[in-house]
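Okay, so here's the structure we're looking at.
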Amino acid sequence: EDPSSSSSTQNSAAPELPGFYYDAEKNRYFRLLPGHNNHNPLTKDSIERKAMECKRLRLLEEEQKQKTTRARLNSSLLLQKRQLGLLSSTSYCRLVHELKVNCMQRRKIEIHSPDSSVAGTNNFKIIVADVACERIFTVNDVEHGGCKYGIINLSGLGKESLTVEMYDNLYFTNRKVNSVCWASLTHPDSHLCLMGIAETPGCASLLPASLFSSTNPGDRPGMLCSFKISTAWSCAWCLNPQADNCFSTGLTRRVLVTNVVTGHRQTFGTSSDVLAQQFATQTPVLYNGCRSGEIFSIDVRQRNRKGQSWKATRLFHGSAVTSIHLMEAEHYLMAADMAGKIKLWDLRTAKCVKQYKGHHNEYALLPLHVNEEEGLLIAVGQDCYTRIWSLQDARLLRTIPSPHPSSKDAIPSVVFSSRLGGSRGVPGLLMAVKQDLYHFSYN
Numbered sequence: 006e007d008p009s010s011s012s013s014t015q016n017s018a019a020p021e022l023p024g025f026y027y028d029a030e031k032n033r034y035f036r037l038l039p040g041h042n043n044h045n046p047l048t049k050d051s052i053e054r055k056a057m058e059c060k061r062l063r064l065l066e067e068e069q070k071q072k073t074t075r076a077r078l079n080s081s082l083l084l085q086k087r088q089l090g091l092l093s094s095t096s097y098c099r100l101v102h103e104l105k106v107n108c109m110q111r112r113k114i115e116i117h118s119p120d121s122s123v124a125g126t127n128n129f130k131i132i133v134a135d136v137a138c139e140r141i142f143t144v145n146d147v148e149h150g151g152c153k154y155g156i157i158n159l160s161g162l163g164k165e166s167l168t169v170e171m172y173d174n175l176y177f178t179n180r181k182v183n184s185v186c187w188a189s190l191t192h193p194d195s196h197l198c199l200m201g202i203a204e205t206p207g208c209a210s211l212l213p214a215s216l217f218s219s220t221n222p223g224d225r226p227g228m229l230c231s232f233k234i235s236t237a238w239s240c241a242w243c244l245n246p247q248a249d250n251c252f253s254t255g256l257t258r259r260v261l262v263t264n265v266v267t268g269h270r271q272t273f274g275t276s277s278d279v280l281a282q283q284f285a286t287q288t289p290v291l292y293n294g295c296r297s298g299e300i301f302s303i304d305v306r307q308r309n310r311k312g313q314s315w316k317a318t319r320l321f322h323g324s325a326v327t328s329i330h331l332m333e334a335e336h337y338l339m340a341a342d343m344a345g346k347i348k349l350w351d352l353r354t355a356k357c358v359k360q361y362k363g364h365h366n367e368y369a370l371l372p373l374h375v376n377e378e379e380g381l382l383i384a385v386g387q388d389c390y391t392r393i394w395s396l397q398d399a400r401l402l403r404t405i406p407s408p409h410p411s412s413k414d415a416i417p418s419v420v421f422s423s424r425l426g427g428s429r430g431v432p433g434l435l436m437a438v439k440q441d442l443y444h445f446s447y448n
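The numbering used here numbers the first residue of the sequence shown as 6 and each following residue consecutively.
If you want it as structure tokens, here you go:
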């Protein structure tokens, strides 16, 4: 049973009566009162929350019962079948990955900080890893309504030790953000692009990562680039040399591409809000996902001229596109939308070739995480469950419940890598939820 399914399916055996709720345990109907009545504990929302929490606790209990000895027996059996020629190398690799996913176990990470009053006191909102997965940039909510930024150094992660160092910059005025990406300006992942939400007011900033460092604490370099904007939904950094030093901003009904060295800007008008963006690396092409469900690409070498149709590839989802991911060979694009659909598109034919079922989303801007090396797709749903699919056959391999009760402000943020902490790092999944950081080992 899908943990995201509502309680109504659970009670489908009893006829549904308008204004009443059927309790299967007590075998009777109870009257539902309006949700705004604070003295009434029995509302539709409270019933659904209780059912979801019961399922979450049940799934957590089932995970606790899983034994590693069973995993060792299964891996030995797979190896034996491979040696006997009963499994092809492709099938063997797929089954090993599936086994590793299902044997991932949660362990809490200890976060150290030079300022002992900082670590573990604010809820995680976003975590984003650099390319080498040596650091993760964090956005944490704070009590007064703003956000706190920091960088967690993952070098302390090991097979035995689960300790990381977190560095903040308390001198920086922090805005709430809609989108974050790493930028390679002076060296790989040297800076961070941040898109502040409009109410704070809107601002696009390019910050040196050295702002959040244990070295030279007295050296506080200023923002390299910052400008006011309307509502910003997304951002992306270009690594192609033909559009060097450029980052894009997805705004309300337009796309802005800025060269941070020269200050030159290009504006492309769109018919819808741009909620997701990614640059290709082989060509200076920017892919955009819109609230209208359209996905289109822009070659940023061409200038926007009046009456010129500059949209290249055009794909269409039935709902707002919340995340896009260009696959390594750049022939395929993965996209997710607000109807909970995840599709793999062939850019050469503009056709959907695979769908990954089970994702849950109705309104949130939730990212996709693709690891082609391990053949995995990972997405956190609005229901706070982390789901892992096989890239190859689109099968749902595992559904991981959140360690905390599900709520809108407790949706986990995750990072997956074969090398958390760098080239000699440990494989696994990092999950940030509430004030805690967890590691799910993948080995």
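The C-beta atom is built at its ideal place from N, Cα and C for all residues, glycine as well.
Given the structure is predicted, the values throughout are model-derived calculations rather than measurements.
DSSP state of residue i mapped onto helix, strand, coil
i           : result
residue 345 : coil
residue 95  : helix
residue 244 : coil
residue 291 : strand
residue 79  : helix
residue 59  : helix
residue 278 : coil
residue 393 : strand
residue 86  : helix
residue 22  : coil
residue 439 : coil
residue 147 : coil
residue 69  : helix
residue 12  : Summary for residue 12: the model assigns pLDDT 41, below 50, so the residue's position carries little reliability, and this model does not support an answer.
Backbone CA spacing between residue i and residue j [nearest angstrom]
i           : j           : result
residue 256 : residue 237 : 5 Å
residue 202 : residue 188 : 20 Å
residue 156 : residue 149 : 21 Å
residue 239 : residue 98  : 36 Å
residue 62  : residue 259 : 44 Å
residue 249 : residue 348 : 30 Å
residue 271 : residue 243 : 14 Å
residue 212 : residue 196 : 5 Å
residue 403 : residue 235 : 39 Å
residue 60  : residue 407 : 11 Å
residue 319 : residue 341 : 15 Å
residue 102 : residue 55  : 34 Å
residue 117 : residue 331 : 35 Å
residue 449 : residue 253 : Residue 449 is absent from the model: the chain starts at 6 and stops at 448.
residue 165 : residue 112 : 11 Å
residue 230 : residue 287 : 26 Å
residue 445 : residue 107 : 11 Å
residue 198 : residue 86  : 49 Å
residue 440 : residue 185 : 20 Å
residue 414 : residue 128 : 9 Å
residue 346 : residue 32  : 36 Å
residue 67  : residue 355 : 42 Å
residue 37  : residue 263 : 54 Å
residue 21  : residue 29  : 12 Å
residue 426 : residue 180 : 28 Å
residue 383 : residue 24  : 39 Å
residue 381 : residue 396 : 5 Å
residue 96  : residue 69  : 28 Å
residue 191 : residue 214 : 11 Å
Top-ranked residue by Cα proximity to residue i, from the options
i           : options               : result
residue 416 : 301, 445, 369 and 429 : 369
residue 387 : 378, 371, 397 and 395 : 371
residue 326 : 334, 426, 338 and 214 : 338
residue 217 : 184, 182, 165 and 153 : 153
residue 274 : 295, 268, 287 and 284 : 295
residue 385 : 447, 130 and 95       : 130
residue 208 : 91, 232, 67 and 214   : 232
residue 344 : 192, 367 and 361      : 367
Opposing strand residues paired with residue i [DSSP bridges]
i           : result
residue 170 : 117 and 158
residue 299 : 321
residue 209 : 200 and 232
residue 142 : 133 and 156
residue 374 : 383
residue 100 : Residue 100 is not bridged to any residue.
residue 255 : 239 and 260
residue 433 : 422 and 446
residue 284 : 291
residue 271 : 262
residue 368 : None, per the DSSP bridge assignment.
Rounded distance between the beta-carbons of residue j and residue i, thought under 8 Å
i           : j           : result
residue 159 : residue 430 : 7 Å
residue 374 : residue 351 : Their Cβ separation, rounded to whole angstroms, is 21 Å, which puts residue 374 and residue 351 out of contact at 8 Å.
residue 194 : residue 136 : 6 Å
residue 277 : residue 297 : 4 Å
residue 65  : residue 83  : Incorrect: roughly 27 Å between the Cβ atoms, too far for contact.
residue 333 : residue 377 : 5 Å
residue 58  : residue 410 : 6 Å
residue 392 : residue 364 : 6 Å
residue 282 : residue 241 : 4 Å
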